[in-house]
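**Student:** Quick note: the sequence shown uses the UniProt record's numbering, first residue 1, plus one each step. My questions all concern the structure below.
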Amino acid sequence: MKKKHSNGAEKDEVKSFEWYSKSAENGIAVAQFKLGYNYSNGIGTNKDVKKSFDWYLKSAEGGYAKAQYYVGKFYHDGIGTGKNINKAILWCKKASDNGIKEAKDILDFIKSSGMIIN
């Protein structure tokens, strides 16, 4: 699917997805995150939240902070994986420690819901 960049140049979402896939398979955490994002939003491929979660997890395990947040969010909401508050807390703490404000928001929400966070 081709769209236009703001500068008028064409962008090819399928081709971008293919390049992200190659880089992700080679362990590049930012590419793994982008692949997770593309699967989550159906960009250049069919939407698949399970694959999205799997790629976000690989990226998070590689230390990519934004992916750590998404893994925590997906565990919190049960998207692409089973709902698991303990794992949500674990990943959101990592993301929050790495400067992702949205992860702190999830932790605050969990705490306000009566769950204990150490």
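Every residue gets a Cβ at the ideal spot worked out from N, C-alpha and C, and that includes glycine.
Alpha carbon to alpha carbon, how far is Leu-90 from Gly-72?
**Tutor:** The residue labelled residue 90 in the question sits at position 90 within the sequence shown. The residue labelled residue 72 in the question sits at position 72 within the sequence shown. Whole-angstrom Cα-Cα distance: 7 Å.
**Student:** Within this structure, are the beta carbons of Tyr-64 and Lys-51 separated by less than 7 Å?
**Tutor:** For the purposes of this step, residue 64 is identified with residue 64 of the sequence shown, where counting begins at 1. For the purposes of this step, residue 51 is identified with residue 51 of the sequence shown, where counting begins at 1. Not in contact: Tyr-64 and Lys-51 (Cβ atoms no closer than 7 Å).
**Student:** If I measure Cβ to Cβ from Glu-102 and keep anything under 7 Å in the same chain, skipping five residues before and after, which residues do I get?
**Tutor:** Mapped onto the sequence shown, residue 102 falls at position 102. Contacts found: Tyr-69.
**Student:** State the start and end residues of the unbroken alpha helix (DSSP H) segment that holds Lys-15.
**Tutor:** By 1-based counting over the sequence shown, the position of residue 15 is 15. Counting along the chain, the alpha helix (DSSP H) containing Lys-15 begins and ends at 13-25.
**Student:** Tell me which residue opens and which closes the alpha helix (DSSP H) that Asp-105 is part of.
**Tutor:** Walking along the sequence shown from the start, residue 105 turns up at place 105. Here the alpha helix (DSSP H) through Asp-105 covers 101-112.
**Student:** Can you give the Cα-Cα distance for Lys-58 and Lys-66, rounded to whole angstroms?
**Tutor:** Counted from its first residue, the sequence shown places residue 58 at position 58. Counted from its first residue, the sequence shown places residue 66 at position 66. So the two alpha carbons sit approximately 12 Å from each other.
**Student:** Using only the alpha-carbon positions, how far apart do Ile-85 and His-76 sit?
**Tutor:** Reading the sequence shown from its first residue, position 85 is the one you call residue 85. Reading the sequence shown from its first residue, position 76 is the one you call residue 76. Answer to the nearest angstrom: the Cα atoms are 6 Å apart.
**Student:** Could you check how far apart the C-beta atoms of Ala-88 and Trp-55 are, in whole angstroms? I think they sit under 8 Å.
**Tutor:** If you number the sequence shown from 1, residue 88 lands on position 88. If you number the sequence shown from 1, residue 55 lands on position 55. So it is not a contact: roughly 18 Å between Cβ atoms.
**Student:** Skipping 5 residues on each side, what residues in its chain have a beta carbon closer than 6 Å to that of Ala-9?
**Tutor:** Numbered from its first residue, the sequence shown carries residue 9 at position 9. Unreliable positioning characterises Ala-9 in this predicted model, as indicated by a pLDDT of 45, which lies under 50. The coordinate reading is nonetheless provided below. Counting only Cβ-Cβ distances below 6 Å, and skipping sequence neighbours, we find nothing.
**Student:** For my contact list, Ser-96 and Lys-104 are in at a C-beta cut-off of 8 Å; report their separation, rounded to the angstrom.
**Tutor:** What you label residue 96 is simply residue 96 of the sequence shown in a count that begins at 1. What you label residue 104 is simply residue 104 of the sequence shown in a count that begins at 1. So it is a contact: roughly 4 Å between Cβ atoms.
**Student:** Determine the burial state of Phe-109: buried for a count of at least 16 other Cβ atoms within 10 Å of its Cβ, exposed for fewer.
**Tutor:** For the purposes of this step, residue 109 is taken as the residue at position 109 of the sequence shown. Exposed: under 16 other Cβ atoms inside 10 Å.
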